[in-house]
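Novice: One structure follows; several queries about it will come next.
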Amino acid sequence: IRHDDGPSTGVWGLYVLKSAFQPIFAFRQGKLAVAAFEGLARPFRDGKSQPPGTFFSTCTAADRLHIETLTRTLHLLNAAHLPKEAAIFVNFDPSVFVDRAIAETALREMRLVLHEAGIDASRIVCEVTEQRTATLDVLFQFVQALRADGFRIAVDDYGSDDSDISRIKDFRPDIVKFDAHWIAQLMDSSAGFALLKTMVRTFEDQGTRTVFEGIEESWHLDLAERAGVSMVQGFALARPEVAPTSFHLLTETPAPLISAPPDEMLAADGPATRGRSTRVFGRRMAS
4 IRHDDGPSTG
14 VWGLYVLKSA
24 FQPIFAFRQG
34 KLAVAAFEGL
44 ARPFRDGKSQ
54 PPGTFFSTCT
64 AADRLHIETL
74 TRTLHLLNAA
84 HLPKEAAIFV
94 NFDPSVFVDR
104 AIAETALREM
114 RLVLHEAGID
124 ASRIVCEVTE
134 QRTATLDVLF
144 QFVQALRADG
154 FRIAVDDYGS
164 DDSDISRIKD
174 FRPDIVKFDA
184 HWIAQLMDSS
194 AGFALLKTMV
204 RTFEDQGTRT
214 VFEGIEESWH
224 LDLAERAGVS
234 MVQGFALARP
244 EVAPTSFHLL
254 TETPAPLISA
264 PPDEMLAADG
274 PATRGRSTRV
284 FGRRMAS
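The sequence shown begins at 4 in this note's numbering and counts up by one.
Given below as structure tokens:
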């Protein structure tokens, strides 16, 4: 459904589905600049916002493909109202790709929606969640087809229980998004942070950009910068907004999504705090 004020919404049963977007920031010359936005589904019932988990728990397995297609379509149409040139992250659930026909249909629909929205495929980052699937061959072929059409590929929730480093190697993603809960655990100790920093450096050296999700405290941001991560996302930076958003006020010139972090970010001892309060490992604040 297209509305007079610009955004599109969807209807599924008793629910109205809206697009929300959350900015993803890149480190640029010691500052944070908007690099991209992630599309997120927000369900409403009787005009009241509902937890996404509540809505998705009512969806049968047979409906998930159609609901994912609907929400992804909404995000792409509504992305036309976001700052120009900013990248758009959209999710793909591996569990719905059970045969090649489904993958081909999803790709064809993506092309049609982007044409309608006037968005180039190079702006779209297709997030493949780190979930187990019995149809890896179909999923790999779909990822290859997406890349051939100019889309970029991200692996989401890296470090979760279903993470598989061999899948990372097979996908050869442009971007890896680290699982928020896993990051928080590793940041809570010096040994964990050292491991996190090593993994980030390994991906970055291979030309794969990295994103830390779930940045909810200022000390998370400090450690993310010291780890050398390319991009950060979380409530400490910006909360999701239902379209139409006010994010066009953030910046008129988004940061390049795929760009190397400044050299000082990769120094062994980490960069200066640049005016932010220094934090130690865990939740203790330095004096």
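Ideal placement from N, C-alpha and C gives every residue a C-beta, glycine not left out.
Answer with buried or exposed for ASP7, where buried requires no fewer than 16 other C-beta atoms within 10 angstroms of its C-beta.
Specialist: When all chains shown are included, ASP7 counts as exposed.
Novice: Going by DSSP in three states, LYS34 sits in which element: helix, strand or coil?
Specialist: strand
Novice: Can you round the beta-carbon distance between HIS251 and PRO86 to whole angstroms, since I take them to be within the 8 Å contact cut?
Specialist: 5 Å
Novice: So GLY153 and TRP185 are in contact, right, with Cβ under 8 Å, and what is the actual spacing, rounded?
Specialist: Actually they do not touch by this definition, with Cβ atoms about 31 Å apart.
Novice: Give the C-beta separation of VAL93 and HIS78 to the nearest angstrom, bearing in mind that I take them to be a contact with Cβ-Cβ under 8 Å.
Specialist: The Cβ separation is near 5 Å, so the contact holds.
Novice: From the DSSP output, read off the bridge partner residues of ARG48.
Specialist: LYS51
Novice: By Cβ distance, which residues of its chain are closer than 6 Å to LEU199, with the 5 residues on each side in sequence left out?
Specialist: LEU189, ALA230
Novice: With a CB to CB cut of under 6 Å and the five nearest residues on each side skipped, what residues in its chain are close to ALA2?
Specialist: In the structure as shown, the chain begins at 4 and stops at 290. Residue 2 is therefore absent and cannot be evaluated.
Novice: Distance, Cα to Cα, ALA44 vs PRO55?
Specialist: 7 Å
Novice: What does LEU198 pair with, by DSSP beta-bridge criteria?
Specialist: In the DSSP output, where bridge partners are listed per residue, LEU198 has none listed.
Novice: Shortest alpha-carbon distance to ARG114 belongs to which of ALA124, ALA106, ILE105?
Specialist: ALA124
Novice: Identify which residue in PHE95, SER52, LEU35 has its Cα closest to the Cα of ILE70.
Specialist: PHE95
Novice: Can PHE58 and LYS21 be called in contact, C-beta distance under 9 Å?
Specialist: no
Novice: Using the Cβ count rule (16 or more neighbours within 10 Å means buried), how would you classify THR76?
Specialist: buried
Novice: Starting from the C-beta of VAL14, find all residues in its chain whose C-beta is less than 8 Å away, skip the five residues before and the five after it, and write them out in chain order.
Specialist: ILE4, LEU20
Novice: Just reading off the alpha helix (DSSP H) that THR12 is part of, what are its end residues?
Specialist: No alpha helix (DSSP H) holds THR12; DSSP gives it neither H nor E.
Novice: Please tell me whether ASP159 and VAL131 are closer than 9 Å, where the distance is taken between their beta carbons.
Specialist: yes
Novice: Of the choices GLU244, GLY237, PRO97, PHE174, whose alpha-carbon is the least far from that of ALA64?
Specialist: PRO97
Novice: Quick check on the DSSP output: the beta strand (DSSP E) that includes PHE215 runs from which residue to which?
Specialist: Under the DSSP assignment, PHE215 falls in the beta strand (DSSP E) whose first and last residues are 212-215.
Novice: Quick check on the DSSP output: the alpha helix (DSSP H) that includes PHE95 runs from which residue to which?
Specialist: Here PHE95 belongs to no alpha helix (DSSP H); instead the beta strand (DSSP E) covers 90-95.
Novice: Quick one: using the 10 Å Cβ neighbour count with 16 as the cut-off for buried, is ASP182 buried or exposed?
Specialist: buried
Novice: I need the boundaries of the alpha helix (DSSP H) containing THR72, first residue and last residue.
Specialist: 64-81
Novice: Just to confirm, are ALA187 and ILE127 a CB contact at a threshold of 9 Å?
Specialist: no
Novice: Report the rounded CA-to-CA distance for SER60 versus ASP177, giving the unit in angstroms.
Specialist: Using only the alpha carbons, I get a separation of about 31 Å.
Novice: Work out the CA separation of SER192 and SER262 for me, nearest whole Å.
Specialist: Because the pLDDT at SER262 is just 45, under 50, the model does not fix this residue reliably, and the point stays unresolved.
Novice: Roughly how many whole angstroms lie between the Cα atoms of THR205 and CYS129?
Specialist: For THR205 and CYS129, the distance between alpha carbons rounds to 22 Å.
Novice: Going by DSSP, what residue range makes up the alpha helix (DSSP H) through ARG114?
Specialist: 103-120
Novice: Who are the near neighbours of LEU68 in its chain, counting only those whose CB is closer than 6 Å to its CB and skipping five residues on each side?
Specialist: VAL99
Novice: Using only the alpha-carbon positions, how far apart do SER249 and LEU224 sit?
Specialist: The alpha-carbon atoms of SER249 and LEU224 are separated by roughly 23 Å.
Novice: Provide the residue span of the beta strand (DSSP E) that contains ALA183, from first to last.
Specialist: First-last for ALA183: 183-189, but that is the alpha helix (DSSP H), not the beta strand (DSSP E).
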